[in-house]
Every structure is written in structure tokens, then in C-alpha cells.
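Q:
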């Protein structure tokens, strides 16, 4: 069972930025980088997103980037949708898929903290056979 | 998606199948998120609950599938 992979490799910063632009367009919101969070977040993302990591590490990177708020609006949705797509590509049974996607969404959104987040990592690493990775 | 003016986005990204899936995922869950960066400001994020409807629906579909499979045996 391979629990680590380049989960976020295909999601370049250009793609992250384009995703935020689309989400802002859909709601007539301003798509603009923030003066205090954008550069730091871009550097973190570009440093990490191509690395081999566990699924919970990928979730954590998305959560951190959401909190760093690189864009003026819709940061949560930008990073939560990346993890939603990663989860979608796993071969999970439908029930498991809904549960894990929901957990991941809550973590990236900043709802679950501390112990709950650590429990998620344990749960995911135990319950997902990620030998069939299809992102990209 | 069709009525969005995406002319400002790099066509190479826009035509990337991964990005197209990503857009669909993002737009599907957009109404659950706050536009403002509340997580950065307060340390607590926002996510609108969808309740138990989705998991209930999946369970019902799974049960129906199992029943039709066992009926076919």
C-alpha cells in the first residue's frame, strides 16, 4: 500500500491562480492577490506541491495556504476544490468518498483543528488503499 | 461555466482537462464558502453544512444496488 504520492504535483500556482479567478468571476468578486499573503503562499506552494507527501500532508498544505489568504476572496474554495479533486480520483466506495471528502473539506476550510486533524491523518492512512492514483 | 468571461485566463490552462475538472469541483461547492478571508482574520474558517442528505442518498443508492444484485442471483 502506497500512502505517499505527489498528490498536488499537477496543480501549478498558475492553475491555483486561474481557479481563484474563475471562482471570483462566478460571483462577480474581485480576483486580486493580497499584499500580505500572496507572495509567501506562492513560495510555500511552489516549494512543496511537487513533493511526495501523505494525503494528510497534502490536506495540511491546502489548509495552510487557505489561512495565508493569497487572494482577496474565495481562498477556501480555491484550496478545498483541489483536495476535493484529489479525493475524487481515489478509488473509494461511494460512502467512503462522501465521508472523506467532507472531512477534508472541513479541515481545509479551517473547521477542524488539533486532535481532530491528527485523527483524520490516522483515519485516512488506515482506510485508503492509494495504490491506484489517477490524478493528472 | 459557459457564461463566464474567462478570456483573461491562459488558454493552455483553461483547456487543461485537470483544470476543467478543478473548475467544476470548485463551482459545485462555491456556495458553501465565505467570500471573505475569515479564516485568515479569525483563525476559524467557515463552511456551510450540507447536512446528512448526501450520505443518506449514497446509502440508499448502495442499498438499491445491493438489492438489485441479489434479486438477479
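Chains as they are written, first to last, in the numbering used here: chain A, -14 to 121; chain B, 3 to 75.
Every residue, glycine too, gets a C-beta built ideally from N, C-alpha and C.
Remember, predicted model here, so these are calculated numbers, not experimental data.
Quick one: Cα of residue 35 of chain B to Cα of residue 49 of chain B, how far?
A: Taking the straight line joining both Cα atoms gives about 5 angstroms.
Q: Hey, out of A:85, A:16, A:-3, A:40, whose CA is closest to residue 10 of chain B's CA?
A: Here the closest residue by C-alpha is A:16.
Q: Kindly indicate which residue of B:22, B:7, B:8, B:5 has the alpha-carbon position closest to the one of residue -5 of chain A.
A: Per the Cα distances, B:22.
Q: For the putative contact between residue 57 of chain B and residue 66 of chain A, defined by C-beta atoms under 8 angstroms, what is the C-beta separation to the nearest angstrom?
A: 20 angstroms between Cβ atoms; not a contact.
Q: With 9 angstroms set as the bound, which would you pick, yes or no: does the beta-carbon of residue 51 of chain A sit closer than that to a beta-carbon of chain B?
A: Yes - at least one Cβ of chain B is within 9 angstroms of the one on residue 51 of chain A.
Q: Using only CA atoms, which one of A:5, A:84, A:62, A:2 lies nearest to residue 53 of chain B?
A: Here the closest residue by C-alpha is A:84.
Q: Given residue 62 of chain A, which residues of its chain have a CB within under 6 angstroms of its CB, disregarding the five upstream and five downstream residues?
A: Same-chain partners within the cutoff: 8.
Q: So, using beta-carbon positions, are residue -7 of chain A and residue 93 of chain A closer together than 9 angstroms?
A: Not closer than 9 angstroms, so no.
Q: What does DSSP give as the partner residues of residue 13 of chain B in its beta bridges?
A: According to DSSP, which records beta bridges pairwise, residue 13 of chain B is partnered with nothing at all.
Q: Going by the CB atoms, is the gap between residue 0 of chain A and residue 20 of chain B shorter than 9 angstroms?
A: In contact: residue 20 of chain B and residue 0 of chain A (Cβ atoms closer than 9 angstroms).
Q: Using the beta-carbon of each residue, which ones in chain B are nearer than 7 angstroms to residue 66 of chain A?
A: The contacting residues are 24, 27, 28, 31.
Q: Please state whether DSSP places residue 72 of chain B in a helix, a strand or coil.
A: Looking at residue 72 of chain B - three-state DSSP - the assignment turns out to be helix.
Q: Could you tell me the alpha carbon to alpha carbon distance between residue 67 of chain B and residue 80 of chain A, rounded to whole angstroms?
A: Distance between the alpha carbons of residue 67 of chain B and residue 80 of chain A is about 13 angstroms.
Q: Between which two residues does the alpha helix (DSSP H) containing residue 81 of chain A stretch?
A: Here the alpha helix (DSSP H) through residue 81 of chain A covers 79 to 94.
Q: Examine chain B for any beta-carbon lying closer than 9 angstroms to the beta-carbon of residue 87 of chain A, and answer yes or no.
A: Yes, its Cβ sits closer than 9 angstroms to a Cβ of chain B.
Q: Quick one: list the residues of chain A neighbouring residue 39 of chain B, beta-carbon separation under 7 angstroms, in chain order.
A: Neighbours of residue 39 of chain B on chain A, chain order: 54, 60.
Q: If you count every other CB in all the chains shown that lies within 10 Å of the CB of residue 64 of chain B, and 16 or more means buried, which is it?
A: Exposed.
Q: Buried or exposed for residue 73 of chain B, going by 16 or more other Cβ atoms inside 10 Å?
A: With fewer than 16 Cβ atoms within 10 Å of its Cβ, residue 73 of chain B is classed as exposed.
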